[in-house]
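Okay, so the sequence shown: first residue is 841 according to my numbering, each after it adds one.
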Amino acid sequence: MPTLLLVRHGRSTANTAGILAGWTPGVGLDERGAAQAAALPARLAGLPLAAAVTSPLQRCRETLRPLLDTRPGLPLHRDERIGECHYGDWSGRKLAELAGEPLWTTVQRHPSAAAFPGEDGESLRAMQARAVDAVRDWNARVEAEHGADAVYVMCSHGDVIKSVVADALGLHLDQFQRLAAEPGSVTAIRYTPLRPFLLRLGDTGDLAGLAPADAVPDGTAEGDAAVGGGAGAP
């Protein structure tokens, strides 16, 4: 079965502002995010990519644009199932403000029970289910069209990627907050008939993000997982 390269979109203007963007329109890459996108073709050089799949949101499309410019024959597909979690009434609000909501504790400690408020709010369980279904469907499609050794790229969002990785590792969704995927990072999973193999997790090509931070940049508590995926290294 194919190898999947999960790319988290580059750093966005919402990441920089400490805002949970969700499906808010018009959220694009900031200067650092654009640089991360520009570096992606070189990072993936030498890999024979069979296809590219993207979340429909602007920040993901912008992240893949430099890669597509260097590979004009690479087919691009959009799939809403790998779009960001529908955070409902939380969308567009400051993470530091959301950290004071009672639901925040559930998101951190028992995410499988977390459902976001509002008419279009989604549960994290539903987000994971649709994303994993998308990956399984694309695995089958890419293998049928390009063979079992094919490699393809999928550009998505922090919580979505973490939930797919949790599924690949056989982790309960309540453990997915232990994972991290910075903006611009690449996570590689090789699927086989018996089990998936996690080959890379949140690889950014540099280790600056491992340096001790003076403070949590978005104002949430130390030890809390970054809902939406966080802004990455400063």
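A virtual CB, placed ideally from N, CA and C, is assigned to each residue, including glycine. Please read all numbers here as calculations on a predicted model, not as lab measurements.
Should E985 go down as buried or exposed, given a rule of 16 or more other Cβ atoms within 10 Å for buried?
Position 145 of the sequence shown, counting from 1, holds the residue named residue 985. Result: exposed.
In whole angstroms, give me the CA-to-CA distance for T853 and P888.
For the purposes of this step, residue 853 is taken as the residue at position 13 of the sequence shown. For the purposes of this step, residue 888 is taken as the residue at position 48 of the sequence shown. Rounded to the nearest angstrom, the two C-alpha atoms are 31 Å apart.
Pull up the DSSP beta-bridge partners for S892, would you.
Residue 892 sits at position 52 when you count from the first residue of the sequence shown. Ser is not the amino acid found at residue 892; the sequence shown has Ala there. DSSP output for A892 lists L916 and V993 as bridge partner(s).
Is the region 987-1006 touching the region 899-909, taking contact as three or more C-beta pairs under 8 Å?
With a cut-off of 8 Å, the region 899-909 and the region 987-1006 count as touching, because enough Cβ pairs lie within range.
Within the continuous alpha helix (DSSP H) that includes P942, where are the two ends?
As a first step, residue 942 must be located in the sequence shown, where it is residue number 102. Where P942 is concerned, the enclosing alpha helix (DSSP H) stretches over P942 to R949.
Please name the residue in I922, A1020 and A1006 whose C-alpha comes closest to that of P1036.
In the sequence shown, the residue the question calls residue 1036 occupies position 196. Cα-wise, what sits closest to P1036 is A1006.
Based on the DSSP secondary-structure assignment, which residues constitute the bridge partners of Y1031?
Along the sequence shown, read from residue 1 onward, the residue named residue 1031 stands at position 191. The partner list for Y1031 (beta bridge, DSSP) reads P1036.
Where do the ends of the alpha helix (DSSP H) carrying R976 lie?
For the purposes of this step, residue 976 is taken as the residue at position 136 of the sequence shown. Looking at the DSSP string, the run of the alpha helix (DSSP H) that includes R976 is L964 to H986.
Could you give the residue range of the beta strand (DSSP E) that holds R848?
Locating residue 848 in the sequence shown gives position 8, where the first residue counts as 1. Element bounds for R848: T843 to R848.
Look up S852 in the DSSP assignment and say whether it is helix, strand or coil.
Here the question's residue 852 lines up with position 12 in the sequence shown. Here S852 sits in strand by DSSP.
Residues bridged to V1026 by DSSP?
As a first step, residue 1026 must be located in the sequence shown, where it is residue number 186. Answer is V847 and D1043, bridged to V1026.
Decide yes or no for the touch test of the region 913-925 against the region 958-977: beta carbon pairs closer than 8 Å, at least 3 of them.
Yes, the region 913-925 is in contact with the region 958-977.
What distance in whole Å lies between the Cβ atoms of P915 and A877, which are believed to be in contact at a cut-off of 8 Å?
Here residue 877 is taken as the residue at index 37 of the sequence shown, counted from 1. Here residue 915 is taken as the residue at index 75 of the sequence shown, counted from 1. With 8 Å as the limit, A877 and P915 do not qualify as a contact, their Cβ atoms being about 19 Å apart.
Considering A1008, what are the terminal residues of the alpha helix (DSSP H) in which it resides?
Position 168 of the sequence shown, counted from the first residue, corresponds to residue 1008. Element bounds for A1008: G998 to L1009.
If I'm right that L907 touches L935 with Cβ under 8 Å, what's the distance once you round it to whole angstroms?
Position 67 of the sequence shown, counted from the first residue, corresponds to residue 907. Position 95 of the sequence shown, counted from the first residue, corresponds to residue 935. Not really, about 29 Å apart at Cβ, beyond 8 Å.
Straight-line CA distance for S1003 to G913?
The residue you call residue 1003 lines up with position 163 of the sequence shown. The residue you call residue 913 lines up with position 73 of the sequence shown. Distance between the alpha carbons of S1003 and G913 is about 30 Å.
When you compare the CB positions of W978 and L846, do they come within less than 9 Å of one another, or not?
Residue 978 sits at position 138 when you count from the first residue of the sequence shown. Residue 846 sits at position 6 when you count from the first residue of the sequence shown. The answer is no: Cβ separation not under 9 Å.
Since A955 sits in a beta bridge, which residues does DSSP pair it with?
Counting from one through the sequence shown, the residue named residue 955 turns up at place 115. DSSP, once it has assigned bridges, lists S963 as partnering A955.
Whose C-alpha, out of R949, D960, V982 and P842, is nearest the C-alpha of Q1017?
As a working mapping, residue 1017 is identified with position 177 in the sequence shown. If we check each option's Cα against that of Q1017, R949 comes out closest.
Near A1028, which residues of its chain fall below 6 Å by C-beta distance, leaving aside the five closest residues on each side in sequence?
Your numbering for residue 1028 matches position 188 in the sequence shown. Hits under 6 Å: L845, L1039 and R1040.
So what does DSSP say about L897, is it helix, strand or coil?
The count along the sequence shown starts at 1 and reaches residue 897 at position 57. Of the three classes helix, strand and coil, the one that applies to L897 here is coil, per DSSP.
To test your reading of the DSSP string, which unbroken alpha helix (DSSP H) runs of 4 or more residues are found completely within the region 855-884?
871-883, all fully within the region 855-884.
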